[in-house]
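J.: So the sequence lines, in the order shown, correspond to chains A and B. Counted the way the numbering used here counts, the first sequence spans residues 1349 to 1727. Counted the way the numbering used here counts, the second sequence spans residues 407 to 1024. Just so you know, even glycine gets a beta-carbon here, dropped at the ideal spot from N, CA and C. As the structure is a computational prediction, the values presented were derived from the model and not from experiment.
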Amino acid sequence: MDPPAEGLADTRGTDQEQAEGATRELDLRFVGDGREYFRIWVVNAFLSLVTLGTYSAWAKVRRKRYLYSHTILDGTPFQYLARPIPILKGRLIAVAVATTYYLSTYLQPGTLPYVIAFAIPFLPLLLRQSLAFNARNSAYRALTLRFEASYGRAACVALLGGPGLVFALGALTGAVPELYLAGIAGLSFVTFPWWQKALRRFVVEHSSFGGQPGEMRARAREFLWIYVRAGFVMLGGGLVLLAAVVPVVLALEAATGQDHQATIVPLVLGYGGTLLMIAYVRARTANLVWNATRLGPLRFHSTIRARKLMGIYLTNAVGILCSLGLLVPWAEVRTQRYRMECLRAFLDGSEHVFRGTPADNVSAVGSEVGDVFDLDVSL
Amino acid sequence: MSRDSTTASVLYFDGRTPIAREAVLTADGVRARIRGVEVDRGYATADLRVSPRIGLAPRFIALPDGGQLQCADAALPDVLPQDEWSEGIVAWLEGHRWVGATSVVMFVLAVSLSYLYALPAVAERIAQETSREIAQRLGRNVLDSLDGAGYFGATELPKSDQERLRAGFAELHAGLEVSPLATLEFRSAPSLGANAAALPGGVVVVTDDLVQMSHTDEEILAVLAHELAHAELRHPTISLLEHSGLAIIASAVAGDASVVVVAGPLATALLESSYSRATESQADEFGFDLLRRTGRSTHAFANIMQRLMEDEESGGSGLFDSHPDMKGRMRRARDGATDSPASADVMVLRDGEDLPAAIRSDLERQSGLQLAEDVVLAVSPSEAGAPGGHVLTVRRILSLPATADAGGPHILDYADVADVRKGGLLAEEGSVEVVTRDGETLRLPVPARLGWPERVHEEILRRSGGISVRDLVRKAQKHAAAGETERAAGILQSAVARLNGGEEADPARASTAADRIVALWLEAPVDADVVPLVRGNPVYPMAARLHAAEGWVHLRYTVDAAGRTNTMEVLDAEDPQGAFEGAAIEAVERFRYLPRIVDGVAVPREDVEIVLSFDIAG
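Now the structure itself:
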């Protein structure tokens, strides 16, 4: 999840200076530096590697801390408070789930629907807990973000569309004729934009900061438009990439005398095109969602340019591949910086409306171990 | 405050509203004081908690009553109790350059090492622990899904072929650990072309196209031996684990799956191919052992690889994307052979390809020749007792005996080849017959399966210069049957010339050549009249020459069913010395004809007439 957009603040000076009802822009920036972050990242990556991934939960905390604390709103950085253990728990669960799924696919395909059926009730729970965890561990000026949602609402979002629905359909394989399943899966593909909207809305409107709930007013139609265009982007982008890559491939063939076309061309078309499409969707969706989000008197304006983001994603991918992954921190910083550059925050009114209860206070965040149900399976 | 207190300017948050208030923090070992416009609070220093250092970001100091301080100064917070000591250590590490530099080096090393050694080792370990039964279940599931997805269809191979190959397969895996579970599956897979694969748990799949492409059972069994090696060494299972492991490592390293999701699959796909080289070598060696153990030749492996390579180049799909180093593997197959071509199956080499040293010396020893030229084909059936290896080089045919009593090696230049034809094709057995200009016949038994004699025949034909004598004779027969006797005779002249090597007809050789052609003619008789084959000029009698006498002789004779002349009769002559008649008769006696064929049977032809003239000038 991106660093929280909530939180608003008063800058230096006293509150009396603020007139009620006036709109003020809040300074929002990302001050992370690639080199500095690299040092942090590489040490953590190395430790993760030698501990076979166990340290990765701690690494994630460090990473998020860096990103949060270098995102500054109105002079104060955000804070990431999480303890590593709940994250580790989440990861272990993810590993266990993946292994079970994997094994059942290969060894006992017949049991797969039952395994999935068993897992389904937990999906909304995982979704909700992760969102709540992330929210509770995101803080600004000693107040944390909050996320509260009922199981029912979480289930609607998790299971009635998108990947969750397809997952649920998996449970029905064999019990229901494949044609119906394919039909419903196709339907979920077509209704993906609506589901995206539902998901975003779910996240924003169940979040709150200092007692002020979030609102998101984007229309589903706008999401649809994004995805329709994205399809063209994928095609067009893939072809453009191909045109750029073909001379290289031909030169390579001439040099080594081997036929690479069969492997490289679909790779470039497929992955390259998908990458560009993802970048496009993310850029447009970010703009759409930010522009439609309000948190009390706080509102946002995002002007991410899809083309620029696609370029960033593309060059990041190439850089990461060529550097065996060492350029990952630079890529992250670069992406984050651009996003923040394009995001502006406005305060329509007074920050005094934000008033936290003791439960919202940073000190109320759980201890090192956390609650039993405290876990984070998000990426 | 005491003398050793430190001061810093901070922002104060009360913990209930997100409002920042400027203040000054003063702290010593015991007490801390925060003072600002609306703030005046005191705490015990020990009750303060400072957040871990992260880069150069401002740090936060948590106050016991829920408030917080934002402190830009990096030094002061270190005085206060740390919030998370473990992070403190890591932060310390991160802060030092040399740690960062070392980490980079160690990171790259660790990634490379784990990819090269740790991952395969772990995957292998896990695979060893997995029971083969489980692996087989996995393999069967994969096969079922491939069947279901339409990649594989039912095989169209005849049952007899399947039985034979199954028997060979069983022989190969006898005694192996995977033996009880090893199964051979035949499938039709047009989209995959000629292919064979080992699935987990001893399931070996071979496509119909591969069987069609092979020329002998030995070649398929060589491939199966290789696949059995994979199965026995658990490579399919290990490979599966490695690929999953790679994905996991990548995620762990990047720490953030969203980054990897993008770059990951690409990287894995690119890296995939290099994994196979080492495992393929291992499987090769093991497979060769299996072949040798069951008395089979590894040459067959090289042969089928050759065929696959040629097929691949002509656009067939192949096993090749992850099968690099084909030439090296073929060389190793041939070098590792414990037999020479004499007992090997068909060895297919390309022009310009080096004959393995051991085989070359073998050949040279047997033939007594210095093989300076490239070997084109080395052919031999594998049945014991049959004559040994036959090697076609660029310039010669070598027929090398398998046993001493089969006669010495025959060595034949292509220039000496008068004719070549495919011999009888009974079941598995075929042969190519090479006829020399001297009329000798060299028979090379060649495995008949799927047209090998054809291949050898073509090769010899090509190298000995094109149309064989037989073809010429057939052509002549066509003309003769159409009544174009002169044309037929003309063609037969060139046939004779071919058999004579283009030299002046030596009577002795001409006779042999004529015999050969007559034999060819009678081999496939076509109804036609007699065609002159050899009509040498009469010898000018010495007496007549001395007297510069000229004349002519008109003869009538019969051409018998063997094409020879008899019952000659002088009808008329102009013969001053009386010497011409004798000379003419002698000449005609040596004439050779293709006999008359009526209803497919050679019959004598009577009343053939000729006038032989004797001129000084001619």
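1. Looking only at its chain, what residues have a beta carbon closer than 7 Å to the beta carbon of residue 536 of chain B, apart from the 5 residues adjacent to it on each side?
2. Identify the residues that DSSP records as bridge partners of residue 828 of chain B: which are they?
3. Output the boundary residues of the beta strand (DSSP E) element that contains residue 467 of chain B.
4. At what residues does the alpha helix (DSSP H) containing residue 1670 of chain A begin and finish?
5. According to the neighbour-count rule (16 or more other Cβ atoms, all chains shown, within 10 Å of its Cβ), is residue 874 of chain B buried or exposed?
6. Counting contacts by CB-CB distance shorter than 8 Å, is residue 1294 of chain A in contact with chain B?
7. Are the stretch 1373-1385 of chain A and the stretch 1683-1693 of chain A touching, with three or more C-beta to C-beta distances below 8 Å?
8. So which residues on chain B does residue 1425 of chain A lean against when the C-beta distance must stay under 9 Å?
9. Can you check which of these residues, A:1695, A:1699, A:1657 and A:1693, is closest to residue 1679 of chain A by C-alpha distance?
10. If you run the structure through DSSP and keep just helix, strand and coil, what is residue 1022 of chain B?
11. Could you have a look at residue 817 of chain B and say whether DSSP puts it in helix, strand or coil?
12. Any residues in the stretch 938-958 of chain B with a beta carbon nearer than 9 Å to a beta carbon of chain A? Which ones, in chain order?
13. Taking 8 Å as the threshold (beta carbon to beta carbon), is residue 596 of chain B in contact with chain A?
14. With DSSP as the reference, label residue 583 of chain B as helix, strand or coil.
15. Under 8 Å between C-beta atoms, does residue 1702 of chain A make it to chain B?
16. If you draw a straight line from the alpha carbon of residue 970 of chain B to that of residue 998 of chain B, how long is it in whole angstroms?
17. Within 8 Å (strictly less), CB to CB, does residue 1481 of chain A reach chain B?
18. Using three-state DSSP, classify residue 983 of chain B as helix, strand or coil.
19. What are the boundary residues of the alpha helix (DSSP H) that includes residue 623 of chain B?
20. What separation, rounded to the nearest whole angstrom, lies between the Cα atoms of residue 1410 of chain A and residue 460 of chain B?
21. Return helix, strand or coil for residue 972 of chain B, following the three-state DSSP convention.
22. Examine the Cβ distances between the stretch 1584-1602 of chain A and the stretch 1634-1654 of chain A and report whether three or more of them are shorter than 8 Å.
23. Fully enclosed by the stretch 1539-1615 of chain A, which alpha helix (DSSP H) runs are 4 residues long or longer?
24. With a 10 Å radius around its C-beta and 16 neighbouring C-beta atoms as the bar for buried, classify residue 789 of chain B as buried or exposed.
25. For the beta strand (DSSP E) holding residue 442 of chain B, just list the boundary residues, first then last.
26. Buried or exposed for residue 1709 of chain A, please, with buried defined as at least 16 other CB atoms from any protein chain shown within 10 angstroms of its CB.
27. Please tell me whether residue 732 of chain B has its Cβ less than 8 Å away from any Cβ of chain A.
28. Output yes if chain A places a C-beta closer than 8 Å to the C-beta of residue 424 of chain B; else output no.
29. Could you tell me whether the stretch 972-992 of chain B touches the stretch 949-958 of chain B, using the rule of 3 or more Cβ pairs below 8 Å?
30. Do the CB positions of residue 1506 of chain A and residue 1512 of chain A come within less than 8 Å of each other?
31. 8 Å is my cut-off, CB to CB: does residue 1388 of chain A come that close to chain B?
32. To be precise: take each residue of the stretch 499-519 of chain B, compare its Cβ to all Cβ atoms of chain A, and keep it if any distance is under 7 Å. Which residues remain?
33. Does the ligand MG have a heavy atom nearer than 7 Å to the CB of residue 932 of chain B?
34. Tell me whether residue 937 of chain B sits in a helix, a strand or coil according to DSSP, three-state version.
35. Are the stretch 1384-1399 of chain A and the stretch 503-520 of chain B in contact at 8 Å, needing three or more beta carbon pairs?
T.: On the basis of the supplied data:
1. Residue 536 of chain B sits at position 130 when you count from the first residue of the second sequence. Excluding sequence neighbours, residue 536 of chain B sits near 643.
2. Within the second sequence, the letter at position 422 stands for residue 828 of chain B. Paired residues: B:838.
3. In the second sequence, counting from the first residue as 1, residue 467 of chain B sits at position 61. Residues 465-468.
4. Locating residue 1670 of chain A in the first sequence gives position 322, where the first residue counts as 1. 1654-1670 is the extent of the alpha helix (DSSP H) around residue 1670 of chain A.
5. If you number the second sequence from 1, residue 874 of chain B lands on position 468. Its Cβ being crowded by 16 or more others within 10 Å, residue 874 of chain B is buried.
6. Only positions 1349 to 1727 of chain A appear in the structure, and residue 1294 of chain A is not among them; the question remains open.
7. yes
8. As a position in the first sequence, residue 1425 of chain A is number 77, starting the count at 1. 463, 464, 466 and 476, listed in chain order.
9. Indexing the first sequence from 1 puts residue 1679 of chain A at position 331. The residue with the shortest Cα to Cα distance from residue 1679 of chain A is A:1657.
10. Locating residue 1022 of chain B in the second sequence gives position 616, counting from the first residue. Coil, per DSSP.
11. The residue given as residue 817 of chain B occupies position 411 in the second sequence. In the structure shown, residue 817 of chain B sits in a strand (DSSP, three-state: E or B).
12. none
13. In the second sequence, the residue the question calls residue 596 of chain B occupies position 190. No, its Cβ sits nowhere closer than 8 Å to a Cβ of chain A.
14. One-based indexing of the second sequence puts residue 583 of chain B at position 177. Residue 583 of chain B: coil per DSSP, three-state reduction.
15. One-based indexing of the first sequence puts residue 1702 of chain A at position 354. It does; some Cβ of chain B falls within 8 Å.
16. Counting from 1 along the second sequence, the entry for residue 970 of chain B is found at position 564. Counting from 1 along the second sequence, the entry for residue 998 of chain B is found at position 592. In a straight line, the C-alpha of residue 970 of chain B is about 5 Å away from that of residue 998 of chain B.
17. Position 133 of the first sequence holds residue 1481 of chain A. So no, residue 1481 of chain A is outside the interface.
18. On the second sequence, residue 983 of chain B is found 577 positions in, with the first residue counted as 1. Residue 983 of chain B: coil per DSSP, three-state reduction.
19. Working through the second sequence from its first residue, we reach residue 623 of chain B at position 217. Start and end: 623-638.
20. Translated into positions along the first sequence, residue 1410 of chain A becomes position 62. Translated into positions along the second sequence, residue 460 of chain B becomes position 54. Straight-line Cα distance between these residues: approximately 8 Å.
21. Translated into positions along the second sequence, residue 972 of chain B becomes position 566. Three-state DSSP puts residue 972 of chain B in a strand.
22. no
23. 1540-1553, 1568-1604 and 1609-1615
24. Position 383 of the second sequence, counted from the start, is the residue given in the question as residue 789 of chain B. In this prediction, residue 789 of chain B scores a pLDDT of 44, lower than 50, which makes its location untrustworthy; the coordinate-derived value is nonetheless stated afterwards. Label assigned to residue 789 of chain B: exposed.
25. Numbered from its first residue, the second sequence carries residue 442 of chain B at position 36. Note, residue 442 of chain B: beta strand (DSSP E), 437-442.
26. In the first sequence, residue 1709 of chain A corresponds to position 361, counting from 1. Residue 1709 of chain A comes out buried.
27. Position 326 of the second sequence, counted from the start, is the residue given in the question as residue 732 of chain B. For residue 732 of chain B, the answer is no, since every Cβ of chain A falls outside 8 Å of its Cβ.
28. Within the second sequence, numbered from 1, the residue matching residue 424 of chain B stands at position 18. Cβ-Cβ to chain A under 8 Å: yes for residue 424 of chain B.
29. yes
30. Working through the first sequence from its first residue, we reach residue 1506 of chain A at position 158. Working through the first sequence from its first residue, we reach residue 1512 of chain A at position 164. Closer than 8 Å, so yes.
31. Numbered from its first residue, the first sequence carries residue 1388 of chain A at position 40. Chain B, which has a Cβ nearer than 8 Å to the Cβ of residue 1388 of chain A, makes this yes.
32. 499, 500, 505, 506, 509, 510, 512, 513, 514, 516 and 517
33. Because no ligand of any kind appears in the structure shown, any question about the ligand MG cannot be addressed here.
34. Here residue 937 of chain B refers to the residue found at position 531 of the second sequence. In this structure, residue 937 of chain B counts as strand in the three-state DSSP scheme.
35. yes
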